[in-house]
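*Asks:*
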Amino acid sequence: MARFGKMLIITAAALFLWGCSPQEAAQPPHVGVQILVQDEKNRPLRQYTQPEKLQKVLLKLRTLGYTGLPETDPEGLSGETLTLQVRLADGSDAVYQLRRGLYFHRDDRPWKKIDPERAAELESLLQNLPGDELPTAAVFPSLGRIIPDFSS
């Protein structure tokens, strides 16, 4: 019986120590782990992978301030378009577009009008926040048809 008690104490101590050891926490699946910014000709401008930079860009995306639906289809408008391709922790991708600093949409969802001041803040952040590395098509292999590969 004493032997069983010792085994129980050793097992409990081992489990306690294992529980106290540092463990890598998994990222929630909806957290962005990579952002690729492209111009209207699908040329890569910047790529972000550092958590602090990702957080800044994603916060600006979440606070754009929708003001309604556009009167005309922004798809047919010419002018500056920024595309942000966000790789999520679960491996899926979300594609956001900002057109002329007035309209915004995600993936195949409808376009929305946005607050021009907040759009300008996002554009300013993307212009002034240095990228982490030069993007290539290998970064987003599932979107390789969209992202040109300038390595050759």
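Throughout the sequence shown, residue numbering follows mature numbering (1 follows the signal peptide of the UniProt record, and there is no 0), covering -25 to -1, 1 to 127 in sequence. No residue lacks a Cβ here, since even glycine has one placed at the ideal position from N, Cα and C.
#1: Taking DSSP as the reference, what is the three-state secondary structure of L101?
#2: What does V61 pair with, by DSSP beta-bridge criteria?
#3: What number of angstroms, rounded off, separates the C-alpha of E108 from the C-alpha of T24?
#4: Just tell me which of A64, L59, V61, L36 has its CA closest to the CA of I89.
#5: From P26 to A69, what does the alpha carbon distance come to, in whole angstroms?
#6: My assumption, with CB atoms under 8 angstroms, is that V12 sits in contact with L57. Please give the rounded CB distance.
#7: From what residue to what residue does the alpha helix (DSSP H) around Q30 run?
#8: According to DSSP, simplified to helix, strand and coil, what is P19?
#9: With 16 as the cutoff for other CB atoms within 10 Å, does Q(-3) come out buried or exposed?
#10: Using a Cβ-Cβ cutoff of less than 6 angstroms, which residues in the same chain neighbour R(-23) once the five nearest sequence positions on both sides are dropped?
*Replies:* Taking the definition as stated:
#1: helix
#2: I10, A69
#3: 8 angstroms
#4: L36
#5: 17 angstroms
#6: 6 angstroms
#7: 26 to 37
#8: strand
#9: Unreliable positioning characterises Q(-3) in this predicted model, as indicated by a pLDDT of 40, which lies under 50. A coordinate reading is not provided.
#10: none
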